[in-house]
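With my numbering applied, the sequence shown covers 2 to 253. Since the structure comes first, as structure tokens, the remarks are kept for the end.
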Amino acid sequence: MTKTILITGATSGFGKAIAETFAAAKWNCIITGRREEKLLTFADVLQKDFGVEILPLVFDVQNRSQVFDAIASIPTQWQHIDVLVNNAGLALGRDSFEVADIDDWDTMINTNVKGLLYVSKAVMPLMIANKKGHIINIGSTAAKDMYQFGNVYCGTKAAVDAISHTMRIDLLPHQIKVTAIHPGAAETEFSLVRFKGDENKAKQTYNGFKALSAKDVADTVYYCGTLPEHVCINDLVITCTAQADGIYIHKT
Ligand code: NDP
Ligand code: 8X3
2 MTKTILITGA TSGFGKAIAE TFAAAKWNCI ITGRREEKLL TFADVLQKDF
52 GVEILPLVFD VQNRSQVFDA IASIPTQWQH IDVLVNNAGL ALGRDSFEVA
102 DIDDWDTMIN TNVKGLLYVS KAVMPLMIAN KKGHIINIGS TAAKDMYQFG
152 NVYCGTKAAV DAISHTMRID LLPHQIKVTA IHPGAAETEF SLVRFKGDEN
202 KAKQTYNGFK ALSAKDVADT VYYCGTLPEH VCINDLVITC TAQADGIYIH
252 KT
């Protein structure tokens, strides 16, 4: 039977690469994001390139009713979701606690933590009814090692780490796997968003070393998502070779 994956934040970066990787392996994909035009164009490309079924859903993960309405709108034939990837997320700013913007904090908490909770809570009943499923949460090395000026971003990803663990415990009776994948620095739109469109600052983040690509992370998600039913990778940290942890990067 053809399998189905739901990926949040599939208009760029990891989410886009994850959709391409699973579509190439003939999975049907439910892809989501806020940028409607990008999402619909990408859905067409995936359908044409890989001959699979794609269901695009436009919603903001921060908006509870939008999330629950979007998931409730999924047609019956799509409701057997094998894998959910909670990927939508962002960092905003990299400033010391006392000068950081409170609105940025709200957006990060609402997206990275509450958004992940809303989507999981909306999709979970479908997986429970199917008596199987796999939730893959995208954390970060920022969940494991706190860095200067990372304050609330690190906090949200530490929350993703903890929530993944507790989700795994609670979902044991339903045989639903929960995996947290924690990538280090990867060149996507992430830094452009973090530095609010400042291309120079975004580029500087990746100067002097070869960062992960979105495809590296997508391949890791694919590996975790296609293991035998009795095997679950619970927690996985992936960095480029130049990065040792959340803090130390060897730059030349
Ligand atoms: P990108 O900025 O390239 O992609 C982020 C995706 O999230 C976009 O598709 C965006 O879609 C979506 N998104 C953001 N906010 C919302 C929202 N409120 N509602 C719905 N979708 C949203 O970044 P990455 O691919 O790098 O990041 C993906 C995840 O990986 C994030 O959780 C990030 O924290 C994490 N991460 C990134 C690392 C990196 O170095 N790049 C390293 C470790 C973790 P749209 O704008 O269309 O809504
Ligand atoms: C993204 C990686 O190092 O900018 O989660 O926090 S980092």
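C-beta: ideal position from N, C-alpha, C; glycine also.
Rounded distance between the beta-carbons of residue j and residue i, thought under 8 Å
i: Tyr119; j: Val161; result: Rounded, the Cβ-Cβ distance is 14 Å, inconsistent with contact.
i: Ala212; j: Ala187; result: 6 Å
i: Ile6; j: Val86; result: 7 Å
i: His175; j: Lys122; result: 14 Å between Cβ atoms; not a contact.
i: Leu221; j: Ile239; result: Position check: residue 221 holds Thr in this sequence, whereas Leu was assumed. Contact holds; Cβ gap of about 5 Å.
i: Ala181; j: Asp236; result: 5 Å
Span of the alpha helix (DSSP H), counted from its first residue to its last, around residue i
i: Gly34; result: No alpha helix (DSSP H) holds Gly34; the beta strand (DSSP E) holding it covers Asn29 to Gly34.
i: Val46; result: Glu37 to Phe51
i: Ala25; result: Gly14 to Ala25
Opening and closing residue of the beta strand (DSSP E) in which residue i lies
i: Val59; result: Ile55 to Val59
i: Asn87; result: Val84 to Asn87
i: Leu7; result: Thr5 to Ile8
Those residues which DSSP pairs with residue i across a bridge
i: His183; result: Val238
i: Ile75; result: Paired residue(s): none; Ile75 is not in a bridge.
i: Ile250; result: Gln244
Closest by C-alpha distance to residue i, when choosing among the options
i: Phe191; options: Thr206, Ser66 and Cys241; result: Thr206
i: Val124; options: Ile31, Pro229, Lys204 and Leu237; result: Ile31
i: Val46; options: Asp96, Phe150 and Ala24; result: Ala24
i: Lys39; options: Ala26, Phe51 and Pro57; result: Pro57
i: Gly16; options: Ala215, Leu237 and Ile234; result: Ala215
i: Ala26; options: Ala243, Tyr154, Gln149 and Tyr224; result: Tyr224
i: Ala159; options: Asp107, Ala143 and Ile75; result: Ala143
i: Thr242; options: Ile8, Leu127 and Asp217; result: Asp217
i: Ile8; options: Phe51, Phe60 and Asp50; result: Phe60
i: Thr189; options: Cys155, Ala18 and Thr3; result: Ala18
i: Phe150; options: His166, Thr112, Phe196 and Leu127; result: Phe196
> What runs of the alpha helix (DSSP H), each 4 residues or longer, lie entirely inside the segment 104-153?
Replying inline: 117-131
> Which whole runs of the beta strand (DSSP E) in the segment 154-215 are 3 residues long or more, in chain order?
Replying inline: 177-184
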